[in-house]
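Asks:
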Amino acid sequence: MMSRRLFVKQMLAILTLMSGGALTASQIWNGASDTYTETKSGGNHSQQPEARTASSDLSVPVLSFFLLSDLHISAADSVFDGRLHLALKDISKFESDVDTIVLGGDLTDFGRESEYKRLQSILHEYKLPPLYGNMGNHDYYDIWLNAKGAFSTETMPNGKTDAMSRERFMRFIGYKDKPYHEVWIKGVHLIMLSQETYVQETPEVGEGAWYSDEQLAWFEETMKAHKDGRPAFVFIHQPLPEPGTDGGTHRLIRAKRFRAILEPYINVFVLSGHSHRNFVGEDHYNRQNTFHWFNNASVGKTRPVPGQSGTPVQGMYVQVYPHEVVIRGREFSTRTWIEEAHWKVPLLPGKST
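Okay, here's the thing in structure tokens:
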């Protein structure tokens, strides 16, 4: 439930817009003069983009991007290739701008080199904007496969390591040092967090997402750029547990620390995947946190719902405006918007810089 304090802040922001048109520079987040500012993963931060006053045209998005979660590209089953093709055909001919695409974990079904090559081959068929991403639990699954490619729990890790899985992911996505990363695009900050270990190295994590002290310290330092209230988009794979708790398998494990890092900041959006939940008939916007948490559906394995025809192939489209963020669910198989998945979140006024 939204707190009274947060409700009042949002209403003040809306009233300011209604009474005075565009917000002043001290009331609205600042954009950036550059388009892309690359940063190194693993704790080396780039210089902040030079601030400028955000556009007074509230009808024009500052940044638009797609989040494609849970592709599950498999060397053993080409059905997931076809679902990704549906998404990319739609995106490559989209009626609105797409400045970047984020791949939100479980890019592959088993994290094999052959699956990354297959994914790369599919992506190369389309003219796409820059891609970023983070790791999911399935991207570590190669340890379950024996030399013949058969699933073998008895012989796990089958001569393989979690480190090998991380290296394959980083090689594919283009990260040099760590599987987590940050980038500024048109003055909007995208932060990709990745689980750093799986059951070969740390059996107790199960299917949960473990973030190291190093990654969390990097995340805490990265968030300091948002003291002025500029929006931040944080990408995780596994969802969060209940507030006030740490997670276990299929959840973000060090969730109390994660929430504590984000607590001082406004206009933070956390986007997760993993659950394969269908946008139809479900609310994917969790309002129980100090930040806005949205759970994405899946390109490869969105669960069907009763009465829904065809195979769902779904993703999330995000538009960042000077005064609000608009998030919509997309059904790629029919190239249509999903009515239940349409949210507008006002941005709260921050400090001037």
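With mature numbering (1 follows the signal peptide of the UniProt record, and there is no 0) applied, the sequence shown covers -24 to -1, 1 to 329. Virtual Cβ for every residue (Gly too), placed ideally from N, Cα, C.
Cβ of V159 within 8 angstroms of any heavy atom in the ligand NAP?
Replies: For the ligand NAP, the structure offers nothing, since it holds no ligand at all.
Asks: Quick check on W186: does DSSP put it in helix, strand or coil?
Replies: coil
Asks: Jot down the residue ranges of each uninterrupted beta strand (DSSP E) in the segment 210 to 254, minimum 3 residues, whole runs only, in chain order.
Replies: 244 to 248
Asks: Does the beta-carbon distance from G81 to S45 come in below 9 angstroms?
Replies: yes
Asks: Could you tell me if Y261 is buried or exposed, where buried requires 16 or more neighbouring beta carbons within 10 angstroms of its beta carbon?
Replies: exposed
Asks: How about L166 and V275: do their beta carbons lie closer than 9 angstroms?
Replies: No. Outside cutoff.
Asks: Quick check: what's the CA-CA separation for W160 versus T131?
Replies: 43 angstroms
Asks: Is it a yes or a no for the segment 249 to 256 touching the segment 193 to 200, going by three-plus beta-carbon pairs under 8 angstroms?
Replies: no
Asks: Going by DSSP in three states, H202 sits in which element: helix, strand or coil?
Replies: Helix at H202.
Asks: Taking DSSP as the reference, what is the three-state secondary structure of R59?
Replies: helix
Asks: Between T84 and R263, what straight-line distance do the alpha-carbon atoms span, to the nearest angstrom?
Replies: 30 angstroms
Asks: Under a three-way DSSP split, which group does G305 fall into?
Replies: strand
Asks: Considering only residues of the same chain and omitting the five flanking positions on each side of R311, which have a CB-CB separation below 7 angstroms?
Replies: Closer than 7 angstroms at the Cβ level, and outside the excluded window around R311, lie D66.
Asks: Following the continuous alpha helix (DSSP H) through E315, name the residue where it begins and the one where it ends.
Replies: Careful: E315 lies outside any alpha helix (DSSP H), inside the beta strand (DSSP E) at 312 to 322.
Asks: In three-state DSSP terms, what is N113?
Replies: helix
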